[in-house]
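Chemist:
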Amino acid sequence: MTFLRKNLTLVSGVTRDRGRALISAGAYLAAHRDLESTYVTDLFSMDNVQEAFAVAAAPARGRVKVAVTT
Numbered sequence: 426m427t428f429l430r431k432n433l434t435l436v437s438g439v440t441r442d443r444g445r446a447l448i449s450a451g452a453y454l455a456a457h458r459d460l461e462s463t464y465v466t467d468l469f470s471m472d473n474v475q476e477a478f479a480v481a482a483a484p485a486r487g488r489v490k491v492a493v494t495t
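Residue numbers (the working numbering): 426 to 495.
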């Protein structure tokens, strides 16, 4: 799909096995700890999961990824 005048293309996708994808992402982040400080901008414990969802739902400049730790 091309947007007129700006010549932009919109591409979407889905993750079919979301659980497996999240496990893989967690393992990748654990293996590359240097990414955590630049990619994960907001980190919450499981006790604050409701706050994590509220933060993730509210766009903010500089926010890249909200994560919940176990």
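Every residue, glycine too, gets a C-beta built ideally from N, C-alpha and C.
1. For residue 494 and residue 430, what's the separation of their Cα atoms in angstroms?
2. What are the partner residues of residue 447, as DSSP defines its beta bridges?
3. For residue 485, name the three-state secondary structure that DSSP assigns.
4. Compare the beta carbon distance of residue 466 and residue 487 with 9 angstroms and say whether it is the shorter of the two.
5. Identify, in the order they occur along the chain, each residue of the same chain with its Cβ nearer than 8 angstroms to the Cβ of residue 469, setting aside the five sequence neighbours on each side.
Modeler: Working from what's here:
1. The residue given as residue 494 occupies position 69 in the sequence shown. The residue given as residue 430 occupies position 5 in the sequence shown. Roughly 43 angstroms separates the two Cα atoms.
2. In the sequence shown, the residue the question calls residue 447 occupies position 22. DSSP lists no partner for residue 447.
3. In the sequence shown, the residue the question calls residue 485 occupies position 60. Reduced to three states, the DSSP call for residue 485 is coil.
4. Working through the sequence shown from its first residue, we reach residue 466 at position 41. Working through the sequence shown from its first residue, we reach residue 487 at position 62. Going by C-beta atoms, residue 466 is nearer than 9 angstroms to residue 487.
5. Counting from one through the sequence shown, the residue named residue 469 turns up at place 44. Only 476, 477, 480, 491, 492, 493 and 494 meet the Cβ criterion.
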